[in-house]
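Protein chains: 2
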Amino acid sequence: MESKKPLILVTNDDGITAKGIFSLQEAMLEFGDVVVVAPDSPQSGMGHAITINEPLRLKKGNFFESAEAYACSGTPVDCVKLGIYEVLHRTPDLIVSGVNHGANTSTNVLYSGTMSAAVEGAMEGIPSIGFSLYDYAADADFTNAIEVVKKVVAKVLEKGMPKNVCLNVNIPDLPIGEVKGIEVCKQAHAFWDDRFDKRKDPFNNDYYWLTGDFVLQDTTKDTDLYWIEKGYATIVPTQFDMTAHKAMNEIENWKI
Amino acid sequence: MESKKPLILVTNDDGITAKGIFSLQEAMLEFGDVVVVAPDSPQSGMGHAITINEPLRLKKGNFFESAEAYACSGTPVDCVKLGIYEVLHRTPDLIVSGVNHGANTSTNVLYSGTMSAAVEGAMEGIPSIGFSLYDYAADADFTNAIEVVKKVVAKVLEKGMPKNVCLNVNIPDLPIGEVKGIEVCKQAHAFWDDRFDKRKDPFNNDYYWLTGDFVLQDTTKDTDLYWIEKGYATIVPTQFDMTAHKAMNEIENWKI
Chain Z
1 MESKKPLILV TNDDGITAKG IFSLQEAMLE FGDVVVVAPD SPQSGMGHAI
51 TINEPLRLKK GNFFESAEAY ACSGTPVDCV KLGIYEVLHR TPDLIVSGVN
101 HGANTSTNVL YSGTMSAAVE GAMEGIPSIG FSLYDYAADA DFTNAIEVVK
151 KVVAKVLEKG MPKNVCLNVN IPDLPIGEVK GIEVCKQAHA FWDDRFDKRK
201 DPFNNDYYWL TGDFVLQDTT KDTDLYWIEK GYATIVPTQF DMTAHKAMNE
251 IENWKI
Chain X
1001 MESKKPLILV TNDDGITAKG IFSLQEAMLE FGDVVVVAPD SPQSGMGHAI
1051 TINEPLRLKK GNFFESAEAY ACSGTPVDCV KLGIYEVLHR TPDLIVSGVN
1101 HGANTSTNVL YSGTMSAAVE GAMEGIPSIG FSLYDYAADA DFTNAIEVVK
1151 KVVAKVLEKG MPKNVCLNVN IPDLPIGEVK GIEVCKQAHA FWDDRFDKRK
1201 DPFNNDYYWL TGDFVLQDTT KDTDLYWIEK GYATIVPTQF DMTAHKAMNE
1251 IENWKI
């Protein structure tokens, strides 16, 4: 590429035909050269999965008016890897993932393909941001979300990103102008109290659908769940070092 | 269950027929009542993926001599959820995952189904440990690994686990008696320099295999990669809070 504009890789986990990625790639056009590599089918809940037991397919297509775009048979993390190493053959200046149809607040960051794509970007040393809108509908209105997206992207392109960190940005589902602000906060502590909906197939064999209730266990006020429920967009700086540094002493003292 | 023995849930990501889980469930019999819920096919690299777009199957089978066992069509995290909420209907006293055929040191913790099962256990408040042997062979010898497994499990059953933490235990591939010790350490900083092996299928369409080199970027001495290469088994206390607490100030100062 001859251009001096930033090179922006766009991906998601809802798939290349989702409304959220359409809005995201469109918004990125004013910031730089945009290449989309996104899953050819929904990949929600895929976490940091990569495809190693089967081959990957990658197809260029006219998905968008301006942005070069590829549909990939793999996971969001596969899309980032293919995007960097096979499509671009260089590291982009920015990776943006989403806009996800549904929140990725709290511990959902671990299950989220949207955020895993951003985490993978951070592992590759690239400023990366995952965006999610607190609306699960396929026809969700992303107008409001894109206002937040543009503010965050402009700031990251200006400031860069702390080393080994990406951003988890969640946006409340509010009418335009009603988002109260953007808060930097921490991942709330919560877990899924799972339920399995057990059914019989037509051949009388059991099968299960994973469902459940999300249970907040965090009463502190500086969390993403606290702020988003108050009408703020939230930014959780997110890292890939999973070491529980504070627990090291205790376990060393076990003297195994 | 009437027994006062600890209830131990066993899973893995190599699948219920892998040699590593056979050794692990056998070793657990001396510690408590053992129930195995493991994938019915290899799930390596599945990270923290959960199955939400299709239903799950769960089949009880005579996979092992003593342990009750179920094969599941889903991911390792699905197995933990099904194990707790559908098979046991209570929280087990311990979850062990593995023994993985291959190391899960460093940033591989993010891609690892073995470790994601342990992380899911921690999210549910259950003492959980992922075990991995530094030998990728299907017929790897787990004798040495099981010595380490038993030491760590005995200690965790005695001491409990720090809150919101699980253990990532990696074991070097050395003859019995040659493991030099067990070191508590941190996750090494490294990344995959990916390569895609591009091929043509018989119909002249491209497909790709994900391959690559693992590049160590960490020169500190208190990492899992440092110690395992010196012949020590390694324990990285691992958490599910991915907040980059140290980066919060910097990003707050952006004043978005």
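Residue numbers (this note's numbering), protein chains in the order written: chain Z, 1 to 256; chain X, 1001 to 1256.
For glycine and all other residues, C-beta sits at the position ideal for the given N, C-alpha and C.
Apply the 10 Å Cβ neighbour rule to lysine 4/Z and answer buried if 16 or more other Cβ atoms are within range, or exposed otherwise.
exposed
From Thr107/Z, Val96/Z and Asn204/Z, pick the residue whose C-alpha is nearest to that of valine 152/Z; which is it?
Val96/Z
Enclosing beta strand (DSSP E) for glutamate 1183/X [first to last residue]:
1182-1184
Around the Cβ of tyrosine 208/Z, are there at least 16 other Cβ atoms within 10 angstroms (buried) or fewer (exposed)?
buried
In the DSSP assignment, what are the bridge partners of tryptophan 1209/X?
Asp1197/X
Any idea if lysine 186/Z is buried or exposed, counting beta-carbon neighbours within 10 angstroms, 16 or more meaning buried?
buried
Considering only the alpha carbon of each residue, which of Asn170/Z, Pro127/Z, Thr238/Z and Met123/Z lies closest to tyrosine 136/Z?
Asn170/Z
Proximity to glycine 47/Z [Cα-Cα], best of Cys1072/X, Pro1076/X and Leu1082/X:
Pro1076/X
Determine whether the Cβ of threonine 1011/X lies closer than 9 Å to any Cβ atom of chain Z.
no
Under the three-state reduction of DSSP, which class applies to alanine 1027/X: helix, strand or coil?
helix
For leucine 1029/X, which option in Val1165/X, Thr1243/X and Ile1146/X has the closest C-alpha, if you only look at C-alpha atoms?
Ile1146/X
So, at 8 Å on beta carbons, what are the nonlocal neighbours of isoleucine 256/Z in its own chain, with the 5 sequence-adjacent residues on each side left out?
none
Does the segment 100-107 of chain Z come into contact with the segment 217-230 of chain Z, if we say contact requires no fewer than three beta-carbon pairs (one atom in each stretch) closer than 8 Å?
yes
Tell me the DSSP secondary structure of histidine 101/Z in three-state form.
strand
If I measure Cβ to Cβ from valine 99/Z and keep anything under 8 Å in the same chain, skipping five residues before and after, which residues do I get?
Asn12, Gly20, Ile21, Ser23, Leu24, Phe131, Ser132, Leu133, Phe142, Ala145, Ile146, Val149 and Ile171
Looking at tyrosine 1070/X: is its Cβ nearer than 9 Å to the Cβ of valine 1037/X?
yes
Whole-Å CB distance - proline 162/Z paired with alanine 1244/X, under 8 Å assumed:
7 Å
Identity of the residues DSSP links to threonine 243/Z by a beta bridge
Thr1238/X
When you check each C-beta in the segment 1040-1053 of chain X against every C-beta of chain Z, which residues fall closer than 8 Å?
Pro1042, Ser1044, Gly1045, Met1046, Gly1047, His1048, Ala1049, Ile1050, Thr1051, Ile1052 and Asn1053
One question on the structure: do alanine 233/Z and alanine 138/Z come within less than 9 Å of each other, judged by their Cβ atoms?
no
Residues of the segment 1161-1175 of chain X with Cβ closer than 9 Å to any Cβ of chain Z, in chain order:
Met1161, Pro1162, Lys1163, Asn1164, Val1165, Cys1166, Leu1167 and Asn1168
Residue from Asp1193/X, Glu1120/X, Gly1160/X and Asn1253/X with nearest C-alpha to glutamine 1239/X
Glu1120/X
Cβ-Cβ distance between serine 1044/X and glycine 1113/X below 9 Å
yes
Residue from Ile1176/X, Asp1218/X and Pro1175/X with nearest C-alpha to phenylalanine 1191/X
Asp1218/X
To the nearest angstrom, how far is it from the Cα of isoleucine 126/Z to the Cα of leucine 167/Z?
12 Å
Valine 215/Z to tyrosine 111/Z, Cα distance in whole Å?
15 Å
Got a sec: is the Cβ-Cβ distance from isoleucine 146/Z to anything in chain X below 9 Å?
no
Can you give me the C-alpha to C-alpha distance between aspartate 213/Z and asparagine 1205/X, rounded to a whole angstrom?
44 Å
Neighbourhood of isoleucine 84/Z by C-beta distance below 8 Å, restricted to the same chain and skipping five residues each side:
Leu9, Arg90, Thr91, Pro92, Glu124 and Ile126
Are the CB atoms of proline 42/Z and aspartate 14/Z nearer to each other than 9 Å?
yes
Report all residues from its chain with a CB closer than 7 Å to the CB of lysine 246/Z; omit the five preceding and five following residues, and keep chain order.
none
So, is the C-beta of asparagine 1062/X closer than 9 Å to a C-beta in chain Z?
no
Counting only Cβ pairs nearer than 9 Å, list the residues of chain X close to leucine 216/Z.
Chain X residues near leucine 216/Z: none, gap ~13 Å exceeds 9 Å.
Where leucine 174/Z falls: helix, strand or coil (DSSP):
coil
What separation, rounded to the nearest whole angstrom, lies between the Cα atoms of lysine 1230/X and leucine 174/Z?
55 Å
Report the rounded CA-to-CA distance for methionine 1/Z versus asparagine 1253/X, giving the unit in angstroms.
For methionine 1/Z, the predicted model reports a pLDDT of 48, less than 50, meaning its position is unreliable and no value from the coordinates is stated.
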